[in-house]
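S.K.: Supplied in C-alpha cells, the structure appears directly below.
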Amino acid sequence: MTKLLTLSLLLALALAGCSSDDADDPASPNVPEAVEFADYAAAMAAVMPPEFTGAAKAEGNYTMWTEGQYSILGKAIGNAESDEPMSLYRNLNTLQSTISMIEQFAAMGEGEFTGEGPDGFMHTVIITQEDLTQPVAVPAECRGILDVDAMPIEHVIKLEVPDAQIVMHLGYVQSEDAEVVVTWQDEHGEATAFSVAVLDLGTGAVTILGAFYKVTEQETASWIYDISTTGEDNTEFVYNMAWFSSNMGDEGGLSCVNGSGDKDVAFGMRYHQYRAPWIRGQYDTYGPYEQLFGPVGDNPYADLNVDGQYPDNRASLIDEDAMFVYDDMPHAFFASPFGE
Numbered sequence: 001m002t003k004l005l006t007l008s009l010l011l012a013l014a015l016a017g018c019s020s021d022d023a024d025d026p027a028s029p030n031v032p033e034a035v036e037f038a039d040y041a042a043a044m045a046a047v048m049p050p051e052f053t054g055a056a057k058a059e060g061n062y063t064m065w066t067e068g069q070y071s072i073l074g075k076a077i078g079n080a081e082s083d084e085p086m087s088l089y090r091n092l093n094t095l096q097s098t099i100s101m102i103e104q105f106a107a108m109g110e111g112e113f114t115g116e117g118p119d120g121f122m123h124t125v126i127i128t129q130e131d132l133t134q135p136v137a138v139p140a141e142c143r144g145i146l147d148v149d150a151m152p153i154e155h156v157i158k159l160e161v162p163d164a165q166i167v168m169h170l171g172y173v174q175s176e177d178a179e180v181v182v183t184w185q186d187e188h189g190e191a192t193a194f195s196v197a198v199l200d201l202g203t204g205a206v207t208i209l210g211a212f213y214k215v216t217e218q219e220t221a222s223w224i225y226d227i228s229t230t231g232e233d234n235t236e237f238v239y240n241m242a243w244f245s246s247n248m249g250d251e252g253g254l255s256c257v258n259g260s261g262d263k264d265v266a267f268g269m270r271y272h273q274y275r276a277p278w279i280r281g282q283y284d285t286y287g288p289y290e291q292l293f294g295p296v297g298d299n300p301y302a303d304l305n306v307d308g309q310y311p312d313n314r315a316s317l318i319d320e321d322a323m324f325v326y327d328d329m330p331h332a333f334f335a336s337p338f339g340e
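Residues in the sequence shown are numbered consecutively from 1, following my numbering.
Here it is in C-alpha cells:
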C-alpha cells in the first residue's frame with residue numbers, strides 16, 4: 001500500500017493544497033504554463049487484454065495462468081486495485097496518477113504547499129522546477145529496460161514531502177514528434193521506482209517502461225516491464241516483464257513473461273521461472289509454459305491451445321530471445337536521473 005498512499009497523498013496535496021507566503025510568483029521563469037499529457041493508461045488499456053480478475057477452471061497448464069493466489073495472469077496482468085504491485089494494470093494506474101500530478105503541480109509553481117492527505121493529516125509538499133539544457137542519464141540499474149544511456153528531457157518538477165519521507169521527480173519533454181514523461185521516486189528510503197512513457201506523435205504508438213527495487217525486513221524485490229502498442233493502427237500489443245523476490249526459495253526466484261497479439265482475436269504468452277545460477281534456458285521445474293488466449297463468449301482469457309498444445313504459429317506472438325533475464329533486473333537502489 002505504500003506506493004498507492006504516496007501517490008494519493010501527493011495528488012491530494014496538488015488538488016487541495018494552498019500556497020505558503022514564500023511561494024514563488026507563478027510568473028517565475030521556472031514555472032511553465034499549463035501542461036497536458038496523453039492518457040497513456042487509456043491508450044494501453046485499449047489494446048491490452050482487460051484487467052484480470054480470474055477465469056473459469058480448466059485442466060492442464062492453463063490453470064497455472066488463471067487459478068489461485070499465484071496465478072501468472074494475476075501477477076503479469078492483474079487489475080488497478082491488485083495486491084500484486086508488479087502487475088500491468090497496477091503500474092498503469094500508478095503511471096496515470098503520476099501524470100495527473102505533473103499536470104497539477106506544473107500549474108502550482110514553486111514553493112511550499114500544505115493540504116490534507118488521505119490519511120487525514122496535514123502535509124507540506126516542497127516544489128521546485130527547473131528547465132534542463134542537457135540530456136539526463138538513465139540510472140545504471142535501469143538500463144536493462146532501455147537501449148539508451150541518456151534522455152533529452154527539457155523540464156523537471158521536484159517534489160518532497162519531508163514528514164512522509166517522499167521524494168519524487170517528474171521530467172518531461174514535448175515536441176512536434178514525440179512526448180516523453182520520466183518519473184523517479186524514493187519511498188521512505190526503502191524503495192526506488194523509475195518509469196518512462198513515450199508517445200510517437202507521428203504514428204500514435206505508445207511505449208511504457210518501468211523498474212522498481214525495494215528492500216524491507218521481509219524481502220528484497222524488484223520488477224521491470226516494457227509494453228508497446230504495435231501493428232496497423234496500433235491495435236496490437238507487445239509485453240515483456242519480469243519480477244524477482246528473495247522469498248522464492250533459498251536464493252530467490254525470477255519470473256519472466258513475454259507475449260503479444262490482438263486482444264480481440266488471439267494473443268500468446270510464455271512464462272519462465274529461474275533460480276540461481278540464473279542461466280537463460282535453464283528453467284526450474286515450474287515452467288516454461290506457453291499459452292494462447294483469446295475472447296470466447298464473456299471470457300477474454302479463454303484457452304485457445306489445441307489439445308493442450310500451443311499452436312505452431314508461436315513465433316509470431318512469442319519472442320523468447322527478448323525475454324528479460326536476471327542481469328536486466330535492478331539489484332540496488334538507483335539515484336534520480338535529475339540529481340538531488
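Using N, Cα and C, we set each Cβ at its ideal position, and we do this for glycine too.
#1: Would you call residue 169 buried or exposed, if buried means 16 or more other Cβ atoms sit within 10 Å of its Cβ?
#2: Does the contact criterion of 3 or more C-beta pairs under 8 Å hold for the stretch 113-132 versus the stretch 161-176?
#3: Restricting to runs no shorter than 3 residues, where is the beta strand (DSSP E) found entirely within the stretch 207-236?
#4: Which same chain residues end up closer than 6 Å to residue 137 when comparing Cβ atoms and leaving out the 5 residues on each side of it in sequence?
#5: Which residues in the same chain as residue 50 place their Cβ atom closer than 8 Å to its Cβ, once the five residues preceding and following it in sequence are excluded?
#6: CA-CA distance, residue 103 and residue 306?
#7: Sort 43, 48, 47, 333 by Cα distance to residue 191 and report the nearest one.
#8: Compute the Euclidean distance between the alpha carbons of residue 232 and residue 165, then round it to the nearest angstrom.
#9: Report, in whole angstroms, the separation of the C-beta atoms of residue 241 and residue 76, which I expect to be a contact under 8 Å.
#10: With C-beta atoms as the reference, is residue 335 less than 8 Å away from residue 139?
#11: Mind checking whether the beta-carbon of residue 41 lies closer than 7 Å to any heavy atom of the ligand GDP?
#12: Check whether the stretch 171-179 and the stretch 201-221 are in contact - that is, three or more C-beta pairs closer than 8 Å.
#13: Leaving aside the five residues before and after residue 255 along the sequence, list all residues of the same chain whose C-beta is less than 6 Å from its C-beta, in chain order.
#14: What does DSSP give as the partner residue(s) for residue 155 in the beta ladder?
#15: Straight-line CA distance for residue 227 to residue 217?
#16: Quick check: is the beta carbon of residue 232 nearer than 8 Å to any beta carbon in chain B?
#17: Would DSSP call residue 304 helix, strand or coil?
#18: Using alpha carbons as the reference points, say which of 141, 145, 146, 129 lies closest to residue 155.
#19: Relative to the C-alpha of residue 320, which residue among 298, 296, 257, 294 is closest?
#20: Thinking C-beta only, is residue 269 closer than 8 Å to residue 291?
#21: With H, G and I counted as helix, E and B as strand and the rest as coil, what does DSSP make of residue 94?
#22: Would the beta-carbon of residue 145 fall within 8 Å of that of residue 211?
#23: With a CB to CB cut of under 7 Å and the five nearest residues on each side skipped, what residues in its chain are close to residue 235?
#24: Identify the continuous alpha helix (DSSP H) that holds residue 53 and give its terminal residues.
#25: Once you ignore the five residues that flank residue 96 on each side, which residues in its own chain have a CB closer than 6 Å to its CB?
#26: One question on the structure: do residue 330 and residue 141 come within less than 8 Å of each other, judged by their Cβ atoms?
#27: Look at residue 251 and residue 275 and say whether their C-beta atoms are less than 8 Å apart.
M.R.: On the basis of the coordinates in this document:
#1: buried
#2: yes
#3: 220-230
#4: Cβ within range, chain order: 150, 337.
#5: Annotation for residue 50: 263, 300 place their beta carbon closer than 8 Å to its own, counting only its chain and skipping 5 residues before and after.
#6: Distance between residue 103 and residue 306, taken at the CA atoms: about 48 Å.
#7: The shortest C-alpha separation from residue 191 is found at 333.
#8: 45 Å
#9: 6 Å
#10: yes
#11: The ligand GDP is not part of the structure shown, which contains no ligands of any sort.
#12: Output reads yes: the stretch 201-221 touches the stretch 171-179.
#13: 243, 273
#14: 131, 172
#15: So the two alpha carbons sit approximately 31 Å from each other.
#16: Here there is only one protein chain, and chain B is not present.
#17: In the structure shown, residue 304 adopts coil according to DSSP, grouped into three states.
#18: 129
#19: 257
#20: Their beta carbons are under 8 Å apart, which means residue 291 touches residue 269 by this criterion.
#21: DSSP places residue 94 in helix when its eight states are reduced to three.
#22: Yes, Cβ-Cβ distance for residue 145 and residue 211 is below 8 Å.
#23: 47, 262
#24: Premise fails: residue 53 is in no alpha helix (DSSP H) and is neither H nor E.
#25: 41
#26: yes
#27: yes
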